[in-house]
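Novice: Okay, here's the structure, questions in a sec.
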Amino acid sequence: MLMPTPTSEAASPLDRYDRFAMGSLGAAALAGGVVWLIGAIYGLAQFATSARAISLPVTVLNPRVDPNPGVGLNTIAWDGAQVNVNLEALGPVTSALLLGSDAVSLIVGAVVIGAIGIVLLRLARRSPFHRSLFAIAMAAGAALSIGSVIALGSHALGSLMASDRINELLGRDVFAVDATIDPLPVFLGIVVLAMAVVFRIGERLQNDTKGLV
Numbered sequence: 179m180l181m182p183t184p185t186s187e188a189a190s191p192l193d194r195y196d197r198f199a200m201g202s203l204g205a206a207a208l209a210g211g212v213v214w215l216i217g218a219i220y221g222l223a224q225f226a227t228s229a230r231a232i233s234l235p236v237t238v239l240n241p242r243v244d245p246n247p248g249v250g251l252n253t254i255a256w257d258g259a260q261v262n263v264n265l266e267a268l269g270p271v272t273s274a275l276l277l278g279s280d281a282v283s284l285i286v287g288a289v290v291i292g293a294i295g296i297v298l299l300r301l302a303r304r305s306p307f308h309r310s311l312f313a314i315a316m317a318a319g320a321a322l323s324i325g326s327v328i329a330l331g332s333h334a335l336g337s338l339m340a341s342d343r344i345n346e347l348l349g350r351d352v353f354a355v356d357a358t359i360d361p362l363p364v365f366l367g368i369v370v371l372a373m374a375v376v377f378r379i380g381e382r383l384q385n386d387t388k389g390l391v
């Protein structure tokens, strides 16, 4: 027999206070994602137009070689763990790759935080398998996987080019810029994409059972 689904508090596993807390967290996360994105765009724009140097983690290739650059503090400076390099000395392509990597990483972070906020808001409204969650999870998963690949690739290529340029300026092979790649964000993105499929299946089951008791 078909009957309307009860809409009382007992029909939901979350009580009023739980939904309020979850909704507040979701709204805060969504607002945080927007603020993060705006701040990232503004900060990168300011850095790209006014910054004189960028800091890069390095390894000394030959410990018997004095790593003191000796080419002027306005171009290269070494503090024992990082090399501070003038952006103009690196060249436009290398600088764009390094700054672009940071930009993509910040955008990915904003998208993921915003997606978490929307999911929490949907849970607070007692619609865990709303049709919009599939698109949100797909966007977050794509941002994590594809965006991370772009960011990691740009960082690795920019670091290798920076190493070549720094050693060229020094006239000898002294430093190797850290170009380590962490695949974890890519794997997390694949997991989120799989969760998107779960949301789609849950949405269909929810629609098929709507109105049944």
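Count along the sequence shown starting at 1, add 178, and that's the number in my numbering. Just so it is clear, CB atoms sit at the ideal spot from N, CA and C, and this is done for glycine as well.
#1: Which same chain residues, not among the five before or five after leucine 330, have their C-beta less than 6 angstroms away from its C-beta?
#2: Between leucine 371 and valine 236, what straight-line distance do the alpha-carbon atoms span, to the nearest angstrom?
#3: Look at the alpha carbon of aspartate 342 and the alpha carbon of leucine 335, and state the distance between them as a whole number of angstroms.
#4: Measuring alpha carbon to alpha carbon, tell me which of Leu311, Val213, Ser202 ends up nearest glycine 380.
#5: Using CA atoms only, rank isn't needed, just tell me which of Ser233, Leu383, Gly210, Arg197 is closest to isoleucine 294.
#6: Taking alanine 267 as part of the alpha helix (DSSP H), name the residues at either end of that continuous run.
#7: By a C-beta neighbour count over all protein chains shown, 10 Å radius and 16 as the cutoff for buried, is phenylalanine 198 buried or exposed?
#8: Can you have a look at proline 182 and say buried or exposed, based on whether 16 or more other CB atoms are within 10 angstroms of its CB?
#9: Drop a sphere of 10 angstroms on the beta-carbon of serine 273, count the other beta-carbons inside from all chains shown, and report buried for 16 or more, exposed for fewer.
#10: Less than 8 angstroms between the CB atoms is what I'm expecting for valine 261 and phenylalanine 353, so what's the real figure, rounded?
#11: How many Å lie between aspartate 356 and methionine 316 at the Cα?
#12: Name the residue from Gly319, Ser233, Pro363, Gly292 whose alpha carbon lies nearest to the alpha carbon of valine 376.
#13: Alpha carbon to alpha carbon, how far is isoleucine 328 from leucine 268?
#14: Helix, strand or coil: how does DSSP classify alanine 259 here?
#15: Assuming contact is defined by CB atoms lying nearer than 7 angstroms, are alanine 321 and valine 289 in contact in what I supplied?
#16: Scan the region 319 to 374 and note each continuous alpha helix (DSSP H) run of 4 residues or more that stays entirely inside, going in chain order.
Specialist: Taking the geometry as given:
#1: Taking the first residue of the sequence shown as 1, we reach residue 330 at position 152. The residues are Ile359.
#2: On the sequence shown, position 193 is the one that residue 371 refers to. On the sequence shown, position 58 is the one that residue 236 refers to. Approximately 35 angstroms between the Cα atoms of the pair.
#3: Position 164 of the sequence shown, counted from the first residue, corresponds to residue 342. Position 157 of the sequence shown, counted from the first residue, corresponds to residue 335. Taking the straight line from one Cα to the other gives about 11 angstroms.
#4: For the purposes of this step, residue 380 is taken as residue 202 along the sequence shown, with counting starting at 1. That would be Leu311, whose Cα lies nearest to the Cα of glycine 380.
#5: Counting from 1 along the sequence shown, the entry for residue 294 is found at position 116. Comparing Cα-Cα distances from isoleucine 294 to each of Ser233, Leu383, Gly210, Arg197, the minimum goes to Gly210.
#6: In the sequence shown, counting from the first residue as 1, residue 267 sits at position 89. 265 to 268 is the span of the alpha helix (DSSP H), which, as asked, contains alanine 267.
#7: The sequence position of residue 198 within the sequence shown is 20, counting from 1. By the 10 Å Cβ count, phenylalanine 198 comes out exposed.
#8: Within the sequence shown, the letter at position 4 stands for residue 182. In this predicted model, proline 182 has a pLDDT of only 48, less than 50, meaning its place in the structure is not dependable; the value taken from the coordinates is given anyway. Counting Cβ neighbours within 10 Å, proline 182 comes out exposed, since fewer than 16 surround it.
#9: Counting from 1 along the sequence shown, the entry for residue 273 is found at position 95. By the neighbour-count rule (16 or more Cβ atoms within 10 Å), serine 273 is buried.
#10: In the sequence shown, counting from the first residue as 1, residue 261 sits at position 83. In the sequence shown, counting from the first residue as 1, residue 353 sits at position 175. Yes, valine 261 and phenylalanine 353 are in contact; Cβ-Cβ is about 6 angstroms, under 8 angstroms.
#11: Taking the sequence shown and counting its residues from 1, the one referred to as residue 356 is at position 178. Taking the sequence shown and counting its residues from 1, the one referred to as residue 316 is at position 138. Rounded to whole angstroms, aspartate 356 to methionine 316 spans 32 angstroms at the Cα level.
#12: Numbered from its first residue, the sequence shown carries residue 376 at position 198. Of Gly319, Ser233, Pro363, Gly292, the residue nearest in Cα terms is Gly319.
#13: In the sequence shown, the residue the question calls residue 328 occupies position 150. In the sequence shown, the residue the question calls residue 268 occupies position 90. The alpha-carbon atoms of isoleucine 328 and leucine 268 are separated by roughly 20 angstroms.
#14: Here residue 259 is taken as the residue at index 81 of the sequence shown, counted from 1. DSSP places alanine 259 in coil when its eight states are reduced to three.
#15: Residue 321 sits at position 143 when you count from the first residue of the sequence shown. Residue 289 sits at position 111 when you count from the first residue of the sequence shown. Yes, they are a contact pair.
#16: 326 to 348
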